[in-house]
Ligand SMILES: C[S@@+](CC[C@H](N)C(=O)[O-])C[C@H]1O[C@@H](n2cnc3c(N)ncnc32)[C@H](O)[C@@H]1O
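Residue numbers (the numbering used here): 164 to 442.
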């Protein structure tokens, strides 16, 4: 049976985002028709708000809770005065929103366990939430090599790791991730799971270094954060430098016949990539 374009356009939205988009479209057309003050319009806006506003909290509610160590790390990160950090010298501006958090941390932890990973590489560690989440799922002799350019935030993370029974599995590499990746490739290091979450303009370079340097094991998984970049890559209008970088990165991955991938609309987007067998 074939699906005609007319049939496709009649398809009923059945997901929260699909229903939200249809509902907003309806609200816009009613506002354009001058129905702004109608109670039914206000009612529709309230439903749309609940649909969108309740999603993240419900996803979190249905996800395995984070460990006390991860909870403490997140609290310590949000209590810190990031605005008071010295900036300049081309170093990244750090902010608490960089932390991946409960649901994404749990997904990474789940993937580490499901793939029976023993060696994990993280590119962009910040205060160490995702590094510690992944370490919690590793066997006792497993390792997370975590790259971070900012020495101050690396010390912050180390202090958090020191109070977790899994912190000893994390090796922090302070420096520019490209230098660390090149060194690891020269050493012949390979990883079962790689989490890419550093500066977005560097993604294309890091991805090439991972593939060309043989850093991902043949059965390995590369997880890439922020691949929706606040909607920039698919929205019309001016795109931010990060939006442009992610759009170019996503296209590079989609055009690469040597990998297969899926973009999950979790938080700001997480793409899972694996090597095509024999590719
Ligand atoms: C989004 S945060 C990482 C968040 C962390 N993965 C988590 O889940 O909590 C990005 C981090 O990448 C670091 N970073 C930026 N550019 C880098 C580079 N060239 N090399 C290594 N780390 C870099 C930043 O200092 C920042 O701490």
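No residue lacks a Cβ here, since even glycine has one placed at the ideal position from N, Cα and C.
Just so it is clear, the structure is predicted and the values come from calculations on it, not from any experiment.
Within 8 Å, strictly: CB atoms of residue i and residue j
i: residue 323; j: residue 295; result: yes
i: residue 299; j: residue 265; result: no
i: residue 263; j: residue 293; result: yes
i: residue 337; j: residue 368; result: no
i: residue 190; j: residue 204; result: yes
i: residue 215; j: residue 183; result: yes
i: residue 409; j: residue 392; result: yes
i: residue 379; j: residue 357; result: yes
i: residue 254; j: residue 272; result: no
i: residue 418; j: residue 389; result: no
i: residue 291; j: residue 359; result: no
i: residue 309; j: residue 285; result: yes
Neighbour flag for residue i against chain B, beta carbons, 8 Å
i: residue 196; result: Given the protein chain composition of this structure (a single chain), no chain B is represented.
Any non-hydrogen atom of ligand 1 within 7 Å of residue i CB
i: residue 323; result: no
i: residue 221; result: no
i: residue 290; result: yes
i: residue 285; result: yes
i: residue 362; result: yes
i: residue 316; result: yes
i: residue 327; result: no
i: residue 386; result: no
i: residue 409; result: no
i: residue 313; result: yes
i: residue 340; result: yes
i: residue 378; result: no
i: residue 209; result: no
i: residue 225; result: no
i: residue 186; result: no
i: residue 365; result: yes
i: residue 180; result: no
i: residue 398; result: no
Nearest-angstrom Cβ-Cβ length linking residue i and residue j, presumed shorter than 8 Å
i: residue 283; j: residue 301; result: 7 Å
i: residue 383; j: residue 354; result: 6 Å
i: residue 365; j: residue 341; result: 7 Å
i: residue 435; j: residue 421; result: Contact flag wrong, Cβ pair sits at about 15 Å.
i: residue 259; j: residue 227; result: Actually they do not touch by this definition, with Cβ atoms about 23 Å apart.
i: residue 361; j: residue 287; result: 3 Å
i: residue 141; j: residue 207; result: Given a span of 164 to 442 for the chain in the structure shown, any question on residue 141 remains unanswerable.
i: residue 267; j: residue 429; result: 6 Å
Extent of the continuous alpha helix (DSSP H) run through residue i
i: residue 240; result: 231-242
i: residue 381; result: Note, residue 381: premise wrong, no alpha helix (DSSP H); beta strand (DSSP E) at 379-388.
i: residue 323; result: 314-324
i: residue 276; result: 265-277
i: residue 444; result: Here the chain has residues from 164 to 442 only, and residue 444 is not among them.
i: residue 402; result: Per DSSP, residue 402 belongs to no alpha helix (DSSP H) and is neither H nor E.
i: residue 212; result: 202-216
Terminal residues of the beta strand (DSSP E) in which residue i lies
i: residue 354; result: 354-359
i: residue 364; result: Element bounds for residue 364: n/a, residue is neither H nor E.
i: residue 345; result: Segment 340-349 is the alpha helix (DSSP H) holding residue 345; no beta strand (DSSP E) there.
i: residue 303; result: Counting along the chain, residue 303 falls outside any beta strand (DSSP E), and DSSP gives it neither H nor E.
i: residue 424; result: 422-427
i: residue 336; result: 333-337
i: residue 283; result: 282-286
i: residue 437; result: 433-438
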